[in-house]
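A short write-up of the structure that comes next.
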Amino acid sequence: MKKTSLLASVTAGVAALALVLTGCAGESKPVVTEEAAAAVIDHTGETLNIDFATYNPLSLLIKNYGWLEEELAETGIKVNWVQSQSSADANSKLLAGAIDVGSTAGSAALLARSNGSPIKTIEIFDQPEWAALVVGPDSKVKDVADLEGKTVAAKKGTDPYFFLLQALEEAGVDPATVTIENLAHADGKAALFNSSVDAWAGLDPIMAGAENEGAQLIYRNVDFNSYGFLNATESFLSKNPDIAQVVTNVYEQARQYAIANPDATYAVLAAASGLTVPVAKTVITERTVIDINPIPGKKQTTLLKGIGKVFVANGDVASQAQVDEALKTLYDTTFIKKSYKDIDVKATEAAEAQ
0 MKKTSLLASV TAGVAALALV LTGCAGESKP VVTEEAAAAV IDHTGETLNI DFATYNPLSL
60 LIKNYGWLEE ELAETGIKVN WVQSQSSADA NSKLLAGAID VGSTAGSAAL LARSNGSPIK
120 TIEIFDQPEW AALVVGPDSK VKDVADLEGK TVAAKKGTDP YFFLLQALEE AGVDPATVTI
180 ENLAHADGKA ALFNSSVDAW AGLDPIMAGA ENEGAQLIYR NVDFNSYGFL NATESFLSKN
240 PDIAQVVTNV YEQARQYAIA NPDATYAVLA AASGLTVPVA KTVITERTVI DINPIPGKKQ
300 TTLLKGIGKV FVANGDVASQ AQVDEALKTL YDTTFIKKSY KDIDVKATEA AEAQ
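Quick note on numbering that gives the first Met the number 0: the sequence shown kicks off at 0 and runs consecutively.
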């Protein structure tokens, strides 16, 4: 899909900008995983390292259609796509400097920032109901209260993990009585089906595939799901604001495309995640809201305040003061406000021309 270039609004000297990647050393949390440290990184100063994830449908559209490459072609800057398997994975890669821009749940972004990771949320990519508690087809576990004394698979540092903790708290189940297996999302699904665990804190689109195979969702609560946050390292934003602007502009173009072309969006998600198109359609139409205000603000902060208390109670963050400070400094809305304004202007002009 050929679009009018977004680079007209970008400073003329952008081609000479260096994309410098920096990691964070000496911090106990979050931890840089071996996978993140081993990620392919281009340090030549001419590459944008950005993630794609099956839980971020806009990233899949942008990668599939080459829209970032198109917009950056005139600058000579290359685009290096790195897959994030989970929010925790994305946070680890951001911390390691393997990516400049990464996709996480809002809860994971707050967790990382609370523990010293130098990231900023630059926009909201969607509002998902992507986490739920899942059991096998023949499970005797019927509700959250039944999880006492059971084993549950959940990837720590991700929305499903914090969804589980919130659900246990609501049901009056002491988390200490539940054995949590720290498994990647796909491994959690596998463990559920081979009966290695009693339940799984699942994530779409993998969860939708499991449900299609007979798994049961025993507990859903959209209010326990945080938004999809697009984050960038502070060093990238300060040294390369023009490229950050291109990224947010392209993301907003992708949002408009997804809204106008749902069938294409289902197909791209299906191809990227290995799901059938009908299951991908369920993920997008029933458990994902893409047509939202992408500027992070009061609504997201109110939600994260509640989740932040869970961090402290569970020992994931040492103090409430760290969470409070992270909430004050997490968002950088500079780029998305300009992108969103430009999109609105273009939409108004197009409507008036009809």
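Glycine residues also receive a C-beta, built at the ideal position from the N, C-alpha and C atoms. None of the values given here were measured: they were computed from a predicted structure.
Query - Completely contained alpha helix (DSSP H) runs for the region 182–248, where each covers 4 or more residues - result: 184–192, 205–211, 233–238
**Report entry** Outcome for A38 when other beta-carbon atoms lying within 10 angstroms are tallied against a minimum of 16
**Finding:** Annotation note: pLDDT 46 at A38 (below 50); position unreliable, coordinate value reported separately. A38 is buried by the Cβ-count criterion.
Query raised in the report: Over what stretch of residues does the beta strand (DSSP E) that includes S83 continue unbroken?
Result: Counting along the chain, S83 falls outside any beta strand (DSSP E), and DSSP gives it neither H nor E.
Requested in this report: Using beta-carbon positions only, say whether H184 and K154 come within less than 8 Å of one another.
Outcome: yes
**Report entry** Residue environment, A175, which counts as buried when at least 16 other CB atoms sit within 10 Å
**Finding:** exposed
Report task. Could you tell me whether the region 197–215 touches the region 126–142, using the rule of 3 or more Cβ pairs below 8 Å? Result -> yes
Report task. From the DSSP output, in three-state form, read off E122 for me. Result -> strand
Query - Span of the beta strand (DSSP E), counted from its first residue to its last, around T178 - result: 178–180
Report task. Check each candidate in V151, V177, D222 and name the one with the smallest Cα separation from A189. Result -> V151
Query raised in the report: Are the region 108–126 and the region 279–294 touching, with three or more C-beta to C-beta distances below 8 Å?
Result: yes
Query raised in the report: So, helix, strand or coil for Y54, using DSSP?
Result: coil
Query - L109, enclosing alpha helix (DSSP H) - first and last residue - result: 105–113
Requested in this report: Within the same chain, show all residues whose beta-carbon is closer than 7 Å to that of D315, passing over the 5 residues directly before and after it, in chain order.
Outcome: L110
Query raised in the report: Since F235 and D137 are thought to touch, with beta carbons under 8 Å apart, how far apart are those beta carbons, to the nearest angstrom?
Result: Actually they are not in contact, since the Cβ atoms of F235 and D137 sit about 48 Å apart, beyond 8 Å.
Query raised in the report: With a Cβ-Cβ cutoff of 8 Å, do I289 and I258 count as a contact?
Result: yes
Report task. Kindly indicate the opening and closing residues of the alpha helix (DSSP H) around A264. Result -> What sits at residue 264 in the sequence shown is Thr, not Ala. Residues 261–272.
Query raised in the report: Using the C-alpha atoms, what's the distance from S225 back to Q299?
Result: 8 Å
**Report entry** Range of the contiguous alpha helix (DSSP H) that encloses V311
**Finding:** 297–313
Query raised in the report: Buried or exposed: where does G105 fall if 16 or more other Cβ atoms within 10 Å of its Cβ makes it buried?
Result: buried
Query raised in the report: On the three-state DSSP scale, how would you describe N48?
Result: strand
Query raised in the report: By Cβ distance below 8 Å, which residues in the same chain neighbour T46 in space, the five residues on each side in sequence not counted?
Result: L18, I76, K77, V78, N79
**Report entry** Limits of the beta strand (DSSP E) - the one that L132 falls within
**Finding:** 130–134
Query - 8 Å CB neighbourhood of L268 in its chain, flanking five on each side removed - result: T53, P56, L59, P204, L274, A279, V282, I283
Query - Three-state class that DSSP yields for K367 in the structure shown - result: Lying before the first or after the last residue shown, residue 367 is absent from the chain, which here runs from 0 to 353.
Query raised in the report: Are S102 and L229 closer than 8 Å when you measure CB to CB?
Result: yes
Query raised in the report: Where does K387 land, buried or exposed, given buried means 16+ other C-beta within 10 angstroms?
Result: No answer is possible for residue 387: it lies beyond the span of the chain, which begins at 0 and ends at 353.
Query raised in the report: Who are Y330's beta bridge partners in DSSP?
Result: T120
Query - Between the CA atoms of Q252 and S338 - distance to the nearest angstrom - result: 9 Å
Query - Where the beta strand (DSSP E) containing V151 begins and where it ends - result: 150–152
**Report entry** Q353 to T247 span [Cα, whole Å]
**Finding:** Unreliable placement is indicated for Q353, whose pLDDT of 34 sits below 50; the coordinate value is still reported in the next sentence. Taking the straight line joining both Cα atoms gives about 27 Å.
Query raised in the report: For P127, which three-state DSSP category applies?
Result: strand
Query raised in the report: Mapping DSSP to helix, strand and coil, what is K139?
Result: coil
Report task. May I ask you to report which of helix, strand or coil DSSP gives K155? Result -> coil
Report task. In angstroms with no decimal places, state the Cα-to-Cα distance between V311 and A144. Result -> 23 Å
Requested in this report: Give the secondary structure of V288 by DSSP, where H, G and I count as helix, E and B as strand, and everything else as coil.
Outcome: strand
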